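Q: Before I ask anything, here is the structure I am working with.
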Amino acid sequence: KVYSVDNTGPGDPMRETVGIVTLEDVIEEVIGQEIVDETDAYVDNTLEQRAPGVDDRRQAIALFRQRTDKQKAKISSEQLRVVTALLSQMAPFAPDVIEPELLDKLVRRARIHTYRRPVAADVDLDTFVYERGKAYTRFTLVLSGRLEVCSGAEGFVSEAGQFACIGLGALTSADGAAWRPDFSARVIEPTEALHITRRLYQSAVKFSRLARERRARGESLSARSSDDDATSRASAIVAHSSLASVADDSYYDDDDDDDGD
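In our numbering, each residue's number is its place in the sequence shown (first place is 1) plus 14.
Here's what the structure looks like:
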């Protein structure tokens with residue numbers, strides 16, 4: 015804390031708190047520039063200069079708050095734009111890996127699950143989103159709520175909040191190889207999470223690759239003038255319907271895949 019001393023008046027001097035100096039303030043003075051992260055509303059508090067995109071961030075966060083049970087069963091168009099924009103900045107979901115159109119379908123068909131914190135000492139299977147050493151085949155994006163993450167041999171504890179991404183290794187591990195986290199993620203408040211299974215992800219990657227190969231050969235998935243074009247169009251329809259089929263299968267089979275050995 016930073017104090018000032020008030021010597022006015024006949025009595026003893028009084029110490030008044032005028033502000034707080036944080037480690038971030040010290041680092042900013044050392045490097046000579048402001049540090050602005052996703053939680054900052056202002057670049058400069060003195061000049062009241064707002065951080066770029068702060069209103070967009072707040073709107074994105076508000077989209078996932080106070081949702082009804084019916085709303086939680088599916089993702090809205092506005093929420094879809096937020097989630098796909100976030101995922102597309104990550105290497106496994108980048109446009110050169112998954113086509114934007116298929117990424118939209120992937121997110122729409124992913125499983126949304128609500129985890130409720132157990133009361134007292136009751137045992138609840140939904141308490142843990144991930145358990146150390148157990149095999150999983152799904153990636154998790156936290157839409158709302160908080161998780162406590164205990165990781166490493168030292169048991170380092172941290173928190174994962176809204177828009178935290180956990181379990182990318184479950185999607186990118188080699189075919190047939192079990193992914194086992196070296197951490198545990200426990201629910202500490204009601205949490206809504208989007209789960210993408212490995213089967214669904216790999217299907218989107220596969221069909222995105224096929225679409226790029228067809229474009230590279232100059233083929234049109236929507237052309238109608240020849241038998242070959244009709245075959246191409248049919249392949250595209252099969253790709254999209256197959257993705258839906260895999261999504262439906264993985265939605266129900268995921269719990270079995272995640273049981274571990």
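Heads up, the beta-carbon is just placed ideally off N, CA and C, and yes, glycines get one too.
Every value quoted in this text rests on a predicted model; they were computed, and no experiment measured them.
1) What first and last residue would you give for the beta strand (DSSP E) that runs through Thr-128?
2) Assuming Thr-205 and Ser-158 form a contact by the criterion Cβ under 8 Å, report the distance between their Cβ atoms to the nearest whole angstrom.
3) Let me confirm a value: Ser-217 is counted as buried when at least 16 other C-beta atoms fall within 10 Å, else exposed. Which label applies?
4) Along the chain, where does the alpha helix (DSSP H) that runs through Arg-146 open and close?
5) For Met-28, which residues of its own chain have a beta-carbon under 8 Å away from its beta-carbon, when the five flanking residues on both sides are left out?
6) Exposed or buried, what is Lys-88 when buried is set at 16 or more other beta-carbons lying within 10 Å of its beta-carbon?
7) Helix, strand or coil for Val-32 per DSSP?
8) List the DSSP bridge partners of Glu-162.
9) Locate the beta strand (DSSP E) running through Asp-26, then write down its first and last residues.
10) My output table needs one value for Arg-213: the three-state DSSP class, helix, strand or coil.
11) Would the stretch 111-118 count as touching the stretch 218-230 if we require 3 or more Cβ pairs under 8 Å?
12) Assign Asp-241 to buried or exposed, taking buried as 16 or more other Cβ atoms, counted over all protein chains shown, within 10 Å of its Cβ.
13) Out of curiosity, what's the CA-to-CA distance linking Ser-246 and Ala-230?
14) Taking the C-alpha atoms as reference points, what is the distance between Arg-130 and Glu-227?
A: According to the structure data:
1) For this step, residue 128 is matched to residue 114 along the sequence shown. Judged by DSSP secondary structure, Thr-128 falls within the beta strand (DSSP E) whose first and last residues are 125-129.
2) Residue mapping note: residue 205 aligns to position 191 of the sequence shown, counting from 1. Residue mapping note: residue 158 aligns to position 144 of the sequence shown, counting from 1. With 8 Å as the limit, Thr-205 and Ser-158 qualify as a contact, their Cβ atoms being about 7 Å apart.
3) Locating residue 217 in the sequence shown gives position 203, counting from the first residue. Around the Cβ of Ser-217, a 10 Å sphere holds 16 or more other Cβ atoms; the residue is buried.
4) Translated into the one-based positions of the sequence shown, residue 146 becomes position 132. From DSSP, Arg-146 is part of no alpha helix (DSSP H); its letter is neither H nor E.
5) Within the sequence shown, numbered from 1, the residue matching residue 28 stands at position 14. Val-19, Asp-20.
6) Position 74 of the sequence shown, counted from the start, is the residue given in the question as residue 88. Counting every other CB atom within 10 Å of its CB across the protein chains shown gives Lys-88 a total below 16, marking it as exposed.
7) Here residue 32 refers to the residue found at position 18 of the sequence shown. Strand, per DSSP.
8) Here residue 162 corresponds to residue number 148 of the sequence shown, with the count starting at 1. Glu-162 is bridged to Glu-173, Arg-200.
9) By 1-based counting over the sequence shown, the position of residue 26 is 12. Unbroken run through Asp-26: none, as it is neither H nor E.
10) Taking the sequence shown and counting its residues from 1, the one referred to as residue 213 is at position 199. It is helical.
11) Yes, the stretch 111-118 touches the stretch 218-230.
12) Within the sequence shown, residue 241 is the residue found at index 227, counting from 1. For Asp-241, the pLDDT reaches just 47, beneath the cut-off of 50, and the residue's location in the model is therefore unreliable, leaving the point undetermined.
13) Locating residue 246 in the sequence shown gives position 232, counting from the first residue. Locating residue 230 in the sequence shown gives position 216, counting from the first residue. Interpretation of Ser-246 is limited by its pLDDT of 49, a score under 50 that renders its predicted location unreliable; no figure is taken from the coordinates.
14) Locating residue 130 in the sequence shown gives position 116, where the first residue counts as 1. Locating residue 227 in the sequence shown gives position 213, where the first residue counts as 1. Within the model, the alpha-carbon separation for Arg-130 versus Glu-227 is close to 44 Å.
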